[in-house]
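Protein chains in written order, with this note's numbering: chain U, 19 to 290; chain X, 19 to 282. We put the CB at the ideal spot given by N, CA and C, even for glycine.
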């Protein structure tokens with residue numbers, strides 16, 4: 019059974035300096051509040067994993083929490099650059115950032131292998147690209163049955179995976195729907211997991227297309243209504259597209275960014 | 019704005035270079051095809067095609083939304099509008115493994131920061147990989163879209179900075195170093211069959227796979243295309259002119275963008 023914990027307790031218990039931390043949610047259900055709590059608790063030297071770093075990893079990187087980033091598409095969707103990510107890669111600000119990059123298919127399959135307890139996953143991709151040439155995490159493999167040349171990527175098993183979902187019950191069974199990305203794989207691949215939810219209900223009613231994570235694969239659940247803002251939770255909130263656009267100006271300048279983070283994250287508690 | 023002297027309905031209609039690119043790409047999408055679309059201009063073109071000649075075009079976004087029918091253009095690949103209007107929403111591993119790699123998608127549309135004469139694409143870095151001058155967003159779904167879709171339409175502005183002799187980083191393979199490379203790499207799809215730019219259309223030569231300019235947009239000269247290309251550009255024997263966006267195309271396109279009318 020998953021423990022129901024306040025967000026600050028859950029992060030303090032589950033996320034340690036130096037950990038490999040996946041925060042997943044594909045545009046939808048991004049665990050912003052949990053990311054902010056990691057920033058407030060001043061975690062350092064993290065290896066952060068997300069297919070699409072999005073604003074939340076831009077913030078964690080800019081606040082100096084990350085030593086390494088594993089990702090597959092690092093932009094502000096529909097807007098442009100992630101300026102803190104770029105500043106870290108181009109100018110090592112606030113500190114150098116080691117980068118390991120994949121395609122979406124490659125990184126998604128790394129989670130699949132991790133969840134499957136296999137050492138690697140196989141896909142038809144990467145061939146002929148500089149992604150394969152520049153990374154030690156992509157290797158050519160020959161099918162033992164057909165002789166076809168394919169690509170292998172190693173399993174990814176984060177120390178902790180963090181996601182946001184619509185609902186949990188008192189036992190910590192989790193239910194999410196809409197675009198559910200790689201969250202199931204990320205949780206099943208990880209040693210520990212934290213799920214922030216919009217609502218804790220007496221009983222989970224079936225929902226079309228829902229993904230359910232039984233309480234015995236979830237370490238902790240925290241009640242954080244609006245915990246995915248400015249991302250969104252289908253049937254609970256809308257994506258704040260205006261904020262995504264505003265982030266471009268906020269994050270472009272180091273001082274403006276730092277002041278914004280101070281006012282909106284470090285000096286604010288999201289404890290419920 | 020480029021003023022077109024060839025517009026229908028008596029008076030010329032003004033259109034932007036983005037509009038001429040979007041319309042040209044939309045016209046290429048066949049009704050009933052399954053189409054893997056990225057956000058931005060490709061998504062706009064696919065939705066325009068759906069409103070014009072291809073109501074049964076199946077739009078697939080990498081967020082896992084299959085058969086999305088958005089009523090307004092999404093800002094991001096994972097907007098709720100896409101999930102709410104989709105036939106089915108699947109996970110990210112599933113969209114790439116079962117649907118894309120499974121060979122179920124006819125056409126993919128890609129953009130990039132750089133393209134070379136064999137339509138290889140860079141969306142990773144400008145400069146060296148280890149000390150990039152500009153760090154770009156990276157691969158996303160592009161490398162496997164380029165591998166496994168039946169064919170690829172590339173939409174990209176044509177300038178000296180984008181049409182380069184050699185891309186700084188091969189994020190997605192077009193035709194490699196020429197004819198036969200895709201087969202050698204074991205890539206099931208045909209690769210890029212069309213490049214739509216703000217100046218015209220290019221297609222790979224069937225023998226060599228080098229991009230050849232086949233169409234110029236209204237008002238664009240050969241010299242403009244030559245000077246916007248970082249390699250000696252080849253022209254088809256009979257270069258044609260693309261027809262200017264029609265009033266209907268522009269009205270629908272501007273409705274999609276939430277700006278009505280063709281005169282303002």
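When the Cα atoms are used, residue 92(U) and residue 72(U) turn out to be separated by approximately 7 Å. Remark: C-beta atoms of residue 57(U) and residue 249(U) do not approach each other more closely than 8 Å. Here the C-alpha atom of residue 177(X) lies approximately 12 Å from the C-alpha atom of residue 183(X). Apart from sequence neighbours up to five positions away, the residues of its chain that approach residue 126(U) with a beta-carbon distance below 6 Å are 200, ordered along the chain. Chain U places a beta carbon closer than 8 Å to that of residue 93(X), counting this residue as a contact. Within the region 218-243 of chain U, the residues whose Cβ lies closer than 7 Å to any Cβ of chain X are, in chain order, 227. At least one CB of chain X lies nearer than 8 Å to the CB of residue 141(U). Only those residues of the region 114-140 of chain X whose C-beta falls short of 8 Å from the nearest C-beta of chain U are listed: 114, 115, 118 and 119. Of all alpha-carbon atoms in 185(X), 128(X), 46(X) and 206(X), the one lying nearest the alpha-carbon of residue 120(X) is that of 206(X). Counting every other CB atom within 10 Å of its CB across the protein chains shown gives residue 59(U) a total below 16, marking it as exposed.
Within the region 178-190 of chain X, the residues whose Cβ lies closer than 8 Å to any Cβ of chain U are, in chain order, 187, 188, 189 and 190. Taking the C-beta atoms as reference points, residue 169(U) is found no nearer than 8 Å to residue 198(U). Against chain X, the CB of residue 190(U) has no partner CB under 8 Å away; the residue lies outside that interface. A check of alpha carbon separations from residue 127(X) across 54(X), 271(X), 114(X) and 45(X) identifies 54(X) as the nearest. Taken through DSSP and simplified to helix, strand or coil, residue 177(U) comes out as coil. Interface flag for residue 40(U) against chain X is unset, since no Cβ pair is found closer than 8 Å. Under the rule that a run must span 3 or more residues, the beta strand (DSSP E) segments found entirely inside the region 177-258 of chain X read 210-214, 218-222 and 229-234. One Cα belongs to residue 172(U), the other to residue 132(U), and the distance between them is close to 8 Å. Rounded to whole angstroms, the separation of the alpha carbons of residue 103(U) and residue 79(U) is 6 Å. For residue 127(U), the neighbours in chain X by C-beta distance under 9 Å run, in chain order, 111, 114 and 115. Residue 227(X) is positioned such that its CB atom lies closer than 8 Å to that of residue 196(X). The beta-bridge partner set that DSSP reports for residue 204(U) is empty.
Here residue 185(X) is near residue 132(X), since their CB atoms are less than 8 Å apart. With a cut-off of 8 Å on Cβ pairs, the region 171-186 of chain U is in contact with the region 241-260 of chain U, counting three or more such pairs. Residue 116(U) is bridged by DSSP to 86(U). For the region 150-171 of chain U, the set of positions with a beta-carbon nearer than 7 Å to some beta-carbon of chain X reads 152, 166 and 167 in chain order. If you draw a straight line from the Cα of residue 232(U) to the Cα of residue 207(U), it comes to about 14 Å.
Counting only runs of 3+ residues, the beta strand (DSSP E) found wholly inside the region 50-100 of chain X occupies 52-54 and 76-79, in chain order.
Taking a cut-off of 8 Å for Cβ pairs, the region 80-88 of chain U and the region 109-118 of chain U touch, as three or more such pairs fall below it.
Restricting attention to beta strand (DSSP E) runs no shorter than 3 residues, the region 225-260 of chain U encloses them at 229-231 and 238-241, ordered along the chain. DSSP places residue 138(X) in the coil class of the three-state scheme, outside both helix and strand.
No Cβ of chain U is located within less than 8 Å of the beta carbon of residue 54(X).
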